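Taken in sequence, the protein lines are chains V and G. In this text, residue positions in the first sequence follow the working numbering: the first is 21, and each later residue adds one. In this text, residue positions in the second sequence follow the working numbering: the first is 21, and each later residue adds one. In this text, a Cβ means the ideal position worked out from N, Cα and C, and glycines have one as well. Just so you know, these numbers come straight off a predicted model, no measurement behind them. Report on the structure given below.
2 protein chains.
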Amino acid sequence: MPRTTAELRTPAYVVRRSTLERNAAAMRERASKLGCALRPHVKTTKTLEGAALLTGGTMRRITVSTVAEAEFYAAGGFDDILLAVPLTPDKVGAVVQLAGRLDTFHVMLDSLGGLEAMRPELDAAAPAAPLSVVLMIDCGYGRDGADPADPDVLSLARSLAAGPHTHLGGVYTHAGHSYDTGGDADALAAVAAQERDAAMTAAARLRDAGLVVPFVSIGSTPTCSRPPANLDGVDEMHAGNYAYYDTMQVRLGSCSVGEIAVRVLTRVVGHYPKRGKMLVDLGWTGVSAQGEHAGFGSFVDEPSLRMVQLKQEMGEVGPAEGCATIDYARYPIGAILAFAPYHACAATQQHAALHVLDDDGTTVLDTWRICKGW
Amino acid sequence: MPRTTAELRTPAYVVRRSTLERNAAAMRERASKLGCALRPHVKTTKTLEGAALLTGGTMRRITVSTVAEAEFYAAGGFDDILLAVPLTPDKVGAVVQLAGRLDTFHVMLDSLGGLEAMRPELDAAAPAAPLSVVLMIDCGYGRDGADPADPDVLSLARSLAAGPHTHLGGVYTHAGHSYDTGGDADALAAVAAQERDAAMTAAARLRDAGLVVPFVSIGSTPTCSRPPANLDGVDEMHAGNYAYYDTMQVRLGSCSVGEIAVRVLTRVVGHYPKRGKMLVDLGWTGVSAQGEHAGFGSFVDEPSLRMVQLKQEMGEVGPAEGCATIDYARYPIGAILAFAPYHACAATQQHAALHVLDDDGTTVLDTWRICKGW
């Protein structure tokens, strides 16, 4: 096990423990003040230890986005897991197995067609208890989720409630369009209100029809980081990126630079003063190619540098805007630089392990395994 | 072990064996006709079995871009491995170990500063035999590589030749700017000539100074797929992407669609006729977000579909240009679709395994492990 960052091969994915803990506590407190439970989306963290921190140690009530994540967290002692993508017939066998092992497991659907498509698999799997199926509502994002005004929503909810292999688990929505608000606080507030209202409207419609809606769940990192003053009737918030944050969330106004908990460490590979740049051993394999328009992230502690281009295993570093040149003497070959990613979820996906750092930024306290695959 | 694609969890990365074999044979034949050896760059393949095919079964003479790849292939029985990124002091210990285990192992440098920076580590590691250090030349790409006209090139070559811990292994260049030629055959031919000429000029300069240059190595997938008529004096070609090819290489004119060997398989998750789209379980986690301007790749066997957007675990599919709507009946929920990636190197990085398919496209012949990490 590495004890210091100097022992790490680069690129290496690291998290400052105290920042992660602060982000986790801040979101729990925010939810608590609004009278909600928090159901962290652990697709960003992708580690057992990180997810345990997000739940305040309960290891209960989490959101995942793949069957592999559900299995990873279940095997790691987590329970009350919600698989927040529309279920498909091929996944029925695996989720029925998971549901049998856990106290509480929820899957999701957003159409009658989806339910009809998996009837044969549900019949074949014959779950011991009805599967909890949460109804996914679209609140304006326009990706997945049923239109709350669509008459089929009530038909789907009734079919789920009727069983025999399902029951209606709750109502869920995700304001993914909060990522399109570009840091405009008013636009974000409007999306956050829309997210809450769409879920509450759908739940009211189902309840008016005599159906039991066990919970209403809303969330995205931008809307949960700056939530509406009132979430009355909402039972839980779900968000994931806030665990680590990133430079995209800074642009969206969700956090400050100081709240970004993760970095990719990289070493200086070479100086190319004639080309006005230096190379580092961080390519898109180590941080993803997302956020090219925003420098792929930021050397937050070295504001005179910017990432100009990412190749497979190499990053081209140039002087930041307003800086004439790179101070090469400051960055000898082999020196370690810390790069805050544009999109932490994407950076996490590129790594198999996350190294946990003390506040000195160099002591490695622990190494956490990142969940891989599907 | 899965026996058919229906048993695979999606997204799943697959390769058609016969196409990979044809691509491998075609490049070997091209090199052979030009009087060159081929040193496949196995950063794209990232599997022992795929790399073995590329070498025609010899498992000798390959290029890698990370220490982890070098270790992976060395452990798998490969030899004559070239680590084609500028070496840094932190990697000296690992490469000296590898050099001690292999008949032939080459590292790379492009500056005197780089060599000076690792003198203490070289002295400490004290390799049993001098380390073969290949001189990397820039042929106009402008990423790494020394300017062949720079006086320091001769000084670096002399220092490497003088030892005691190094010897001059050869001259290497990579025309990465072949990727900027946009399918223009004349522009590509100019880059290919530049690649050859820069390497030959540098080698001649060193030889004129009395130095031994054991080999001259050039290559990139676009320039090696459409090489100059004459590579006299060039000892070997290196390229990697050609193993799989992708829709970017089709645009560059390196291959036809029929030569793309890999696909990411994905399943239909839902139909959203009001939004004019359907969802599939393929996000940027499964294929990378590269090539947004080019649809991230292509449903090559379903030309009426296009990938409109990739989210973390979901892809939004719309009708292709010129198609009014999606024929939803043709794509029931749960149906498997095959997506050819925009950038196969990036798609490979997202997966831990590659499933090898027979020509029927559904029989899984084998599952190969993909090298991970650094």
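Annotation: E91(G) has no Cβ neighbours in chain V at a cutoff of 7 Å; minimum Cβ distance is about 11 Å.
The criterion of a C-beta distance shorter than 8 Å is not satisfied by A94(G) and V116(G). Shown here, T383(G) sits in a strand according to DSSP, grouped into three states. At least 8 Å separates the CB of C56(V) from every CB of chain G.
Shown here, M79(V) sits in coil according to DSSP, grouped into three states, outside any helix or strand. One Cα belongs to R216(V), the other to E136(V), and the distance between them is close to 29 Å. When the Cα atoms are used, A32(V) and G306(V) turn out to be separated by approximately 8 Å. Residues of the segment 333–350 of chain V that bring their beta carbon within less than 8 Å of a beta carbon in chain G comprise E333, M334 and E336, in sequence order. For a cut-off of 8 Å, the C-beta gap from L330(G) to I346(G) is around 17 Å, too long to register as a contact. Using beta-carbon distances, S198(V) does not count as an interface residue toward chain G, since no partner is under 8 Å.
Contact note: R48(V) does not reach chain G at a C-beta cutoff of 7 Å; the least C-beta distance is about 23 Å.
Three or more Cβ pairs drawn from the segment 352–372 of chain V and the segment 380–392 of chain V lie within less than 8 Å of each other, which places the two stretches in contact. Taking a cut-off of 8 Å for Cβ pairs, the segment 64–79 of chain V and the segment 360–379 of chain V touch, as three or more such pairs fall below it. Shown here, K297(G) sits in a strand according to DSSP, grouped into three states. Beta-bridge partners assigned by DSSP to H291(V): M298(V). Contact note: V307(V) does not reach chain G at a C-beta cutoff of 8 Å; the least C-beta distance is about 11 Å. The beta carbons of A366(V) and Q310(G) sit no closer together than 8 Å.
For the segment 297–323 of chain V, the set of residues with a beta-carbon nearer than 8 Å to any beta-carbon of chain G comprises L299, D301, W304, T305, G306, S308, A309 and Q310, in chain order. Counting along the chain, the unbroken beta strand (DSSP E) around F359(G) starts and ends at I356 to P361.
Look at S237(V) here: in three-state DSSP terms it is strand. A residue is called buried when at least 16 other Cβ atoms come within 10 angstroms of its Cβ; N261(G) meets this threshold and is buried. The segment 148–160 of chain V makes contact with the segment 184–193 of chain V; the number of CB pairs closer than 8 Å reaches 3 or more.
Annotation for P109(V): no beta strand (DSSP E) segment contains it, and DSSP assigns it neither H nor E. Partner residues in the beta bridge of F125(V), as assigned by DSSP, are I101(V). One Cα belongs to D206(G), the other to R246(V), and the distance between them is close to 54 Å.
Taking a beta-carbon distance threshold of 8 Å, A372(V) counts as an interface residue toward chain G. Taking a contact as a CB-CB distance under 8 Å, the pair M327(G) and G315(G) counts as one, their CB atoms being some 5 Å apart. In this chain, M138(G) is not harboured by any beta strand (DSSP E), its DSSP state being neither H nor E. Per DSSP, A169(V) is not a residue of any beta strand (DSSP E), being assigned neither H nor E.
Under the Cβ distance rule, K66(G) does not count among the residues neighbouring chain V, no pair being separated by less than 8 Å.
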